Structures are given as structure tokens and as C-alpha cells.
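Colleague: Got a structure for you, written out below as C-alpha cells; questions coming shortly.
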Amino acid sequence: MTRPDNTTGDQDSGLEDFGYKESLDRSIGKFASFAAGVSYISILTGTFQLFYFGFGTAGPAYLWSWPLVFLGQLSVALCFMELAAKYPIAGSVYNWAKTLGSRVVGWSAGWLMLTASIVTLSAVVLALQLNLPRLWSGFQIVGDGTGEHDFATNAVILGTVMIGFTTVVNALGVRLMAMINSAGVFIELIAAVLIAIILAANATRGPQVFFSTHGYGAGESGGYLGAFLVATLASGYVMYGFDTASSLGEETVEPRRTAPKAILRAILASFVIGGAILVFAVMAAPDLDDPKIGASDGSLQYIVEQVMWGPLGTIFLICIVIAVTVCSLAVHTAAIRLTFAMARDNALPFGERLARVHPKTRTPVVPAVTIGVVAALILVVNIGQPHIFTVLTSIAIIMIYLAYLMVTGPMLKRRLRGQWPPRDLKEGGYFTMGRWGLPVNIVAVVWGIGMAVNLAWPREAVYGEPWYNTWGAFVYIGVILGLGLLWYLTTGRHHIGTLTSHSVAAAPAAPQSEPIDKELAR
Numbered sequence: 014m015t016r017p018d019n020t021t022g023d024q025d026s027g028l029e030d031f032g033y034k035e036s037l038d039r040s041i042g043k044f045a046s047f048a049a050g051v052s053y054i055s056i057l058t059g060t061f062q063l064f065y066f067g068f069g070t071a072g073p074a075y076l077w078s079w080p081l082v083f084l085g086q087l088s089v090a091l092c093f094m095e096l097a098a099k100y101p102i103a104g105s106v107y108n109w110a111k112t113l114g115s116r117v118v119g120w121s122a123g124w125l126m127l128t129a130s131i132v133t134l135s136a137v138v139l140a141l142q143l144n145l146p147r148l149w150s151g152f153q154i155v156g157d158g159t160g161e162h163d164f165a166t167n168a169v170i171l172g173t174v175m176i177g178f179t180t181v182v183n184a185l186g187v188r189l190m191a192m193i194n195s196a197g198v199f200i201e202l203i204a205a206v207l208i209a210i211i212l213a214a215n216a217t218r219g220p221q222v223f224f225s226t227h228g229y230g231a232g233e234s235g236g237y238l239g240a241f242l243v244a245t246l247a248s249g250y251v252m253y254g255f256d257t258a259s260s261l262g263e264e265t266v267e268p269r270r271t272a273p274k275a276i277l278r279a280i281l282a283s284f285v286i287g288g289a290i291l292v293f294a295v296m297a298a299p300d301l302d303d304p305k306i307g308a309s310d311g312s313l314q315y316i317v318e319q320v321m322w323g324p325l326g327t328i329f330l331i332c333i334v335i336a337v338t339v340c341s342l343a344v345h346t347a348a349i350r351l352t353f354a355m356a357r358d359n360a361l362p363f364g365e366r367l368a369r370v371h372p373k374t375r376t377p378v379v380p381a382v383t384i385g386v387v388a389a390l391i392l393v394v395n396i397g398q399p400h401i402f403t404v405l406t407s408i409a410i411i412m413i414y415l416a417y418l419m420v421t422g423p424m425l426k427r428r429l430r431g432q433w434p435p436r437d438l439k440e441g442g443y444f445t446m447g448r449w450g451l452p453v454n455i456v457a458v459v460w461g462i463g464m465a466v467n468l469a470w471p472r473e474a475v476y477g478e479p480w481y482n483t484w485g486a487f488v489y490i491g492v493i494l495g496l497g498l499l500w501y502l503t504t505g506r507h508h509i510g511t512l513t514s515h516s517v518a519a520a521p522a523a524p525q526s527e528p529i530d531k532e533l534a535r
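If you count by the numbering used here, then the sequence shown holds residues 14 to 535, one letter each, in order.
Structure follows, in C-alpha cells:
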């Protein structure tokens, strides 16, 4: 139930700006909101899954990309914090882009974010194959792991089981999801801190290791800079998803105050703890020339297993599995909220069904099941074409960065026109960047463009061959966005508008940018 805001006289949920009635279960507290952002970023999932790529491409000095990506993503997060302070609403990126830009910009951002989220869910669950068979050989259900398709097929089986789990949990309600997610994040944070401490205690070399190229990039086009830019992808693939805290805003208590803080705490915690693990892992590795460190079947897990003693390494591998679990849960949850948000605007096919909220669990069950089924079907691609799946995963990250740009770009335009931030943020004591807003927003846009170009750059080292994989960012994103816009322009735009079942009686039929323009400029 929304709480009246004594400062501004407006409701604290932000729903009144869109004409939506409250239909979801508002029960998420401060820690659960923070946990949602942390679990999506997932320190132990992303760092352990992608360390081999960064290290194998540019060596120890690739870790300089970690603070670089953090600063860039922090500028985006600060922009999102202002938006969350005003509009803490489900499907945040979609609704923000629609409000700041236009209906087609919002729809495009939502479509890119939705398709990317489903592919990301499929990618995250594949990390189970990197960890579960290390714990017990019985988890290698298909073959012994040495066959041509043993690894990929087994990854699909384990991943499908995980997707089934996240589907059931999300269908049963946000309270159960928040409880499992919060417990998992609590374990993940403690484990991550302990891993960093133990690695630091076993360091065999000093920080000077990060100030040498160690021969990486020699003889290659672009030298070490070229190798570093490729390795930056390993950090860029990890530090996103902090907007999840706001996407759960309709289910959060005092969301306009809680969501911005949750976004900031999530990205700060991930940067500090994740960075500590990466730094001390390099300093503690017994042999940096060991080729397994830069291989997918070795990576950061290999270093941890070498450094930890007795059953301790096994315990921490269990914690990594827990981290993968809550990360999968958070990604699935965020995709459900985005589907629900677009569906209640009738901005997706079968909008009425996808926007239906179960009367008992107060959660969108149909999107939970639909996303789970689609993500599981995508996993099948991994069996015969694992490299194609790697390409699709990389492209999903690019689409998320593009969706973020569709928010920060229109926001900058509004700011330059003097239409942002709204007065009620400062007057109500909500988060606002004040005079720092313009420079931070500019950095966010420049960073987003630069990172999108770097991620999409046609490199055989990343995307492989043939040409349609090398140029995959342009080919596949063009196809995905093109098909979506084809539906939007031919069918969708003619009937988009808030569904009667989700509209406040006195509100307009559909949220338009023009009435909000007047509010922003008042």
C-alpha cells in the first residue's frame, strides 16, 4: 500500500505519474532491495566466470579495466538513482526511456532489455557447469566430460534445472524470491570477503605485477592497448544490472528513498569486494604462466582451489554455486518485471495475459513461465554451437548498454533544456545530483557510446568466424531490433495504451511524455 508523502503531498510510489494502479505485493525491505542489485551483478558469478577471458587476453594488467568500468557505470548508476527517486517503477529502463524520450524510444529500450535479459538468464545458468562437477563428479550427468559434446550438453541439463527452479520461485511470489535472494546474497558477500582475505594472506608477489604488460599484445595490431580493450569486456560483462533495485520499486517499501540507496550500495559493494578478489587472486596465484589460468576450465576457480587448503576450497565452490543461483533468480525476476511493465501498456503481443497478476501470490505468473521456457530453449543452442552462444551472450550485454543509453541520452537532452531534475526531488529530500548532474550525465552518455562501440567492434578473437559472427553485434542486434520494430510499427503502435485492468480510473488511458513534460518544467 502506498504511503502519503508529507513533504510533497504526492504518493511515494511514483505510480501516480503513469496512471497505474497498484497491483503487486509491496513487501520488499531495504536489504532485499540492495540484494536484488547485488545478486544481478553477482560478484562471485561474473568474476569467476570471466576472469580467464580478461587474464588470458591481456594478463594481470587487465585489472585496470575494473576501476575504469566502475567509474563509467557509476555515472550511469547516479543517473538511474535520480530516476529511481522520482519513478521507482517496474520495468524501470522501459518506463524511464518512455518518459524521458518518446514512446518508440521507450519501446525499443524495453525490447532490447527484455531480449537481452532472457539470453543473459541462459548464459548465467551455464556457469553451473564450471562449478558443480568440481564439487562432485555425479553432477557430470552426460558422459565423463571428455566427449565432444559432454561439457555443453551437461551444461544445458544443469541450466534447465536451474531455470525450472527460478520459474517456480518467481511464480510463488516476491516474498519467497526476496527471502531466498537475500539469504543467498548474505552468504555470497561473506564468502567473497573471506575469499579476498585468504587470497591476500597467501599473496606471493606485490602490486608491481599490475604495472607490466608481461608480453601480452606484442606483435598484435594495436599492441597492448588493443589487447586491453578486448580484455575490458571481462569487466564490462559483470558490472551491470544495478537497475534491478528500481525495477522492483513497485514491490518495495518507501521506494523513492530505498531504491536509489540500493543502486549505489550494490555497485559500490560489487566494485570493492569483486576488485579485492581479482587483485589478490593474481597476487596469490602460484604460477602466473600456468595456461589454465587463462582457460575456461581453469580461471579464477583454479587459483582458489590451489590456494585454499583441505575442504575450504570446496566450501567456497559451494558459495559460488549459491551466487549463481541467486544471480539466475535476480535476472529472471528483472525480466519478469520488464515483461509485466510492457504488457500492462499493451506493448507486447498477448499483453492482457502477460500483465495478469495472480490474485493470491500477487505476481505475474505467465511471464515467469514464458521467460523460463524461452530461456531453456535458447540453452539448446549451446549443445552443437557453443561459440554461437558466446556470440549471443556478448550481444545481449551490448543490447543492455544500448538500452541504458536510451535512458541517459534523453535524460541529458532534458537536462540541457532545464527540464530535469524535477523540483520535488530536492524539495522532498529525495536523491538528486544537483550541480553535478550535467557533467555526470555527459560522462554517462559518452561512456555508454564508447563501451557499446568497444563491445560491438568486429573482432575474431571475441566473436570468431565466419563474417556474420565477427560482425554479429550489428547483424544479430539489427535482426532482433528490426523484427521488434516491424511488429511495433505495423501492429503495436496502434493499440499501445494502459490496459483497463491496470489503469487508475481518473488517470489518462496511457502515460504520455507530454503531461510529464509539464510536470518536469514546472
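Glycine included, C-beta positions come from ideal geometry on N, C-alpha and C. As the structure is a computational prediction, the values presented were derived from the model and not from experiment.
At a cut of 8 Å, does the stretch 443–455 reach the stretch 159–176 through at least three beta carbon pairs?
Modeller: no
Colleague: Just to confirm, is the Cβ distance from P101 to P372 under 8 Å?
Modeller: no
Colleague: For D437, report the span of its alpha helix (DSSP H) as first-last.
Modeller: 436–440
Colleague: Looking at F444: is its Cβ nearer than 8 Å to the Cβ of E95?
Modeller: A contact, by the Cβ cut-off of 8 Å.
Colleague: Give me, in chain order, the residues of the same chain whose beta-carbon lies closer than 8 Å to that of V337; leave out the 5 immediate sequence neighbours on both sides.
Modeller: S55, L57, T58, V137, V138, A140, L141, N144, M175
Colleague: Would you say G307 and G477 are within 8 Å of each other, going by their C-beta atoms?
Modeller: no
Colleague: Return the Cβ separation of V370 and M296 in integer angstroms, given the expectation that the two are a contact with Cβ distance under 8 Å.
Modeller: That belief does not hold up - the Cβ atoms of V370 and M296 are roughly 50 Å apart, past 8 Å.
Colleague: So, are the CB atoms of D437 and E264 less than 8 Å apart?
Modeller: no
Colleague: Excluding five sequence neighbours on each side, which residues of the same chain lie with their C-beta closer than 7 Å to the C-beta of T60?
Modeller: When the five nearest sequence neighbours on each side are left out, the beta carbons in the same chain lying within less than 7 Å of the beta carbon of T60 are those of V251, G287, I290, L291, L313, in order along the chain.
Colleague: Going by DSSP, what residues sit across from I41 in a beta bridge?
Modeller: T265
Colleague: Measuring CB to CB, does N467 end up less than 8 Å from L242?
Modeller: yes
Colleague: For T421, count neighbouring C-beta atoms within 10 Å of its own C-beta (all shown protein chains included) and say buried if the count is 16 or more, exposed if not.
Modeller: It is buried - the Cβ of T421 has at least 16 other Cβ atoms within 10 Å.
Colleague: Which same chain residues end up closer than 6 Å to A356 when comparing Cβ atoms and leaving out the 5 residues on each side of it in sequence?
Modeller: G364, L367, A368
Colleague: Can you find the residues in the same chain that come closer than 7 Å, C-beta to C-beta, to I335, ignoring five residues on each side of it along the sequence?
Modeller: G197, I200, E201
Colleague: Check whether the stretch 418–434 and the stretch 117–131 are in contact - that is, three or more C-beta pairs closer than 8 Å.
Modeller: Contact between the stretch 418–434 and the stretch 117–131 is present: 3 or more CB-CB pairs across the two stretches fall below 8 Å.
Colleague: Might you give, ordered along the chain, the residues of its own chain that have their beta carbon closer than 8 Å to the beta carbon of P380, omitting 5 neighbours on each side?
Modeller: A348, I349, T352, F353, A356, L367
Colleague: Does DSSP put S514 in a helix, a strand or coil?
Modeller: helix
Colleague: The alpha helix (DSSP H) with I306 in it runs from where to where?
Modeller: Segment: none, I306 is in no alpha helix (DSSP H) and carries neither H nor E.
Colleague: Can you tell me which of G156, A184, L246, G461 puts its alpha carbon nearest to the alpha carbon of T403?
Modeller: L246
Colleague: Near G461, which residues of its chain fall below 7 Å by C-beta distance, leaving aside the five closest residues on each side in sequence?
Modeller: V89, Y414, Y417, L418, T421
Colleague: So, are the CB atoms of T133 and I493 less than 8 Å apart?
Modeller: no
Colleague: Starting from the C-beta of Y33, find all residues in its chain whose C-beta is less than 6 Å away, skip the five residues before and the five after it, and write them out in chain order.
Modeller: H515
Colleague: Relative to the alpha-carbon of F164, which residue among R147, G177, T180 has its alpha-carbon at the smallest distance?
Modeller: Checking every option, the nearest Cα to that of F164 belongs to R147.
Colleague: Mapping DSSP to helix, strand and coil, what is Y250?
Modeller: In the structure shown, Y250 sits in coil (DSSP, three-state: anything other than H, G, I, E or B).
Colleague: DSSP on Y65, reduced to helix/strand/coil?
Modeller: helix
Colleague: By the three-class DSSP mapping on this structure, what secondary structure does Y33 have?
Modeller: strand
Colleague: Evaluate T511 with the Cβ neighbour count: other Cβ atoms within 10 Å of its Cβ, from every protein chain shown; 16 or more gives buried, anything less gives exposed.
Modeller: buried
Colleague: With 16 as the cutoff for other CB atoms within 10 Å, does W149 come out buried or exposed?
Modeller: exposed
Colleague: Rank H345, N395, G497, R506 by C-alpha distance to the C-alpha of E161 and give the top, closest one.
Modeller: N395
Colleague: Taking DSSP as the reference, what is the three-state secondary structure of Q319?
Modeller: Q319 falls in the helix class under three-state DSSP.
Colleague: To which residues of the same chain is W124 closer than 6 Å at the C-beta, ignoring the five residues directly before and after it?
Modeller: G497
Colleague: Report, in whole angstroms, the separation of the C-beta atoms of A110 and S260, which I expect to be a contact under 8 Å.
Modeller: Wrong, their Cβ atoms sit about 13 Å apart, outside the cutoff.
Colleague: Could you check what DSSP says for S26 in three-state terms: helix, strand or coil?
Modeller: The answer is coil: DSSP assigns S26 none of H, G, I, E or B.
Colleague: Any idea what DSSP makes of W449, helix, strand or coil?
Modeller: Judged by DSSP in its simplified three-state form, W449 adopts helix.
Colleague: Confirm, please, whether the CB-CB distance from V382 to A184 is below 8 Å.
Modeller: yes
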